[in-house]
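J.: There's a structure below that I have some questions on.
In my numbering, the protein residues as written are 908 to 1228.
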């Protein structure tokens, strides 16, 4: 996976999570209108100036990113939400965002970029905050224990009882998002364009097909010595459990295998692939739509996410078990 294909994969991981929202009044999707890759130190001084021992404070980072976005000299077009993906470590979190800010100048979020399937999970979570969704543990009728998108702590591997939930919003999150979308107009079809800079990959370019299991491990650790731990996988439920957590060897100690989230369309057995956290027959495209119906046409599309990369906010912590 090279060039913009990696970024298309990230965005599709966000989009598929919003398209699982099952509500008679709303349908949500994402669209990228601008991709900007920062390649020099001077371009991302706004973050580098905050770095101390390889990490930076999330709140300070959001404020700096928001200021950078608003500077006309940076050439960032208007959007409903802006995402920054960084190779630096956000202190005590995997991602951060301002609450209730989509359609405003403060509609910004920052996610750590691990070049893995977890990036989409974190970015979808942070966009959820910008759409007014709180952590499920902060609501009256939902809980972090179900492991939905808005859990405060995302754990891998996903437990059997929570399988598929990291690809879905809880009823509490859907209610908050629905309520917020009723107060803004920028996401409605008449106010969004048709440009999509990063359409979903197709055919052999789809994430888990373009990058096999060994190469996903190498990419996650950014080390060519890592590989898929088939033996450990077999000891932990086999390939049928792979979509909830795939085992990769640790470069510093190959005898130890860690779990990572596999990409969509990763092989999980003969004639099977991972879709939305489940190991299903190849060709199956599961949705939350009623039986026999496809996914709804989005009624709210985020003309959004100027997509950037280099090396009062709420965050997400990722836990690998």
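Glycine included, every Cβ here is placed at the ideal spot set by N, Cα and C. Treat the numbers as computed from the prediction; the structure is a model and nothing was measured.
1) Between the Cα of residue 1000 and those of 1031, 1039, 1059, spot the shortest distance and give me the residue it belongs to.
2) Check the DSSP bridge columns for residue 1165 and list the partner residues they point to.
3) Between the beta-carbon of residue 1019 and the beta-carbon of residue 997, is there less than 7 angstroms?
4) Where does residue 990 sit, in a helix, a strand or coil, going by DSSP?
5) Tell me residue 1188's beta-bridge partners as DSSP assigns them.
6) Which of the three DSSP states, helix, strand or coil, is assigned to residue 917?
7) Would you give the residue range spanned by the beta strand (DSSP E) that residue 1100 belongs to?
8) With a cut-off of 8 angstroms on the beta carbons, I'd call residue 1178 and residue 1171 a contact; round off their distance for me.
9) Buried or exposed: residue 977, going by 16 or more other Cβ atoms within 10 Å of its Cβ?
10) Can you tell me whether DSSP reads residue 1171 as helix, strand or coil?
11) With distance defined between alpha-carbon atoms, name the residue in 1008, 1063, 1119, 1114 nearest to residue 1087.
12) Roughly how far, in whole angstroms, is the beta-carbon of residue 1064 from the beta-carbon of residue 1115, given that I think they are within contact range, below 8 angstroms?
13) So for residue 1003, helix, strand or coil by DSSP?
14) Which residue from 951, 934, 995 puts its Cα closest to that of residue 1094?
15) Which same chain residues end up closer than 8 angstroms to residue 1054 when comparing Cβ atoms and leaving out the 5 residues on each side of it in sequence?
16) From residue 1202 to residue 949, what distance separates their C-alpha atoms?
17) For residue 937, which of helix, strand or coil comes out of DSSP?
18) Name the two residues that bound the continuous alpha helix (DSSP H) containing residue 1033.
19) Determine the direct distance from the alpha carbon of residue 1025 to that of residue 923, and round the result to whole angstroms.
20) Counting along the chain, where does the alpha helix (DSSP H) carrying residue 954 start and finish?
21) Would you kindly report the start and end of the unbroken beta strand (DSSP E) that includes residue 1063?
22) How should residue 1047 be labelled, buried or exposed, when 16 other C-beta atoms within 10 angstroms of its C-beta is the threshold for buried?
23) Which one of 1140, 1163, 1165 has the shortest CA to CA distance from residue 1175?
24) What residues in its chain sit with their C-beta under 6 angstroms from that of residue 907, if we drop five residues either side in the sequence?
T.: Looking at the coordinates:
1) When only C-alpha atoms are compared, the closest one is 1059.
2) Answer by DSSP bridge pairing, in chain order: 1155.
3) Yes, Cβ-Cβ distance for residue 1019 and residue 997 is below 7 angstroms.
4) DSSP places residue 990 in strand when its eight states are reduced to three.
5) 1179.
6) Note: residue 917 maps to helix in three-state DSSP.
7) Boundaries cannot be given for residue 1100, as no beta strand (DSSP E) includes it and DSSP labels it neither H nor E.
8) Rounded to the nearest angstrom, the Cβ distance from residue 1178 to residue 1171 is 16 angstroms, too far for a contact under 8 angstroms.
9) Here residue 977 is exposed: its Cβ has fewer than 16 other Cβ atoms, across all protein chains shown, within 10 Å.
10) Residue 1171: coil per DSSP, three-state reduction.
11) Selection 1008, 1063, 1119, 1114 evaluated against residue 1087 yields 1008 as nearest (Cα-Cα).
12) The beta-carbon distance between residue 1064 and residue 1115, rounded to whole angstroms, is 17 angstroms. This is too long to meet the 8 angstroms contact definition.
13) Note: residue 1003 maps to strand in three-state DSSP.
14) For the residues 951, 934, 995, the minimum Cα distance to residue 1094 belongs to 934.
15) Here the set comprises 1061, 1062, 1065, 1066, 1069, 1072, 1073.
16) Since pLDDT at residue 1202 reaches only 43, below the 50 mark, its modelled position is unreliable, and the value read off the structure follows with that caveat. In this structure, the alpha-carbon of residue 1202 lies about 43 angstroms from that of residue 949.
17) Strand, per DSSP.
18) Looking at the DSSP string, the run of the alpha helix (DSSP H) that includes residue 1033 is 1025-1037.
19) About 13 angstroms.
20) Secondary structure note for residue 954: its alpha helix (DSSP H) is the uninterrupted segment 952-955.
21) According to the DSSP assignment, residue 1063 belongs to the beta strand (DSSP E) that extends over 1060-1063.
22) Result: exposed.
23) Of the listed residues, the one whose Cα sits closest to residue 1175 is 1140.
24) Since the first residue of the chain shown is 908 and the last is 1228, residue 907 is not available in this structure.
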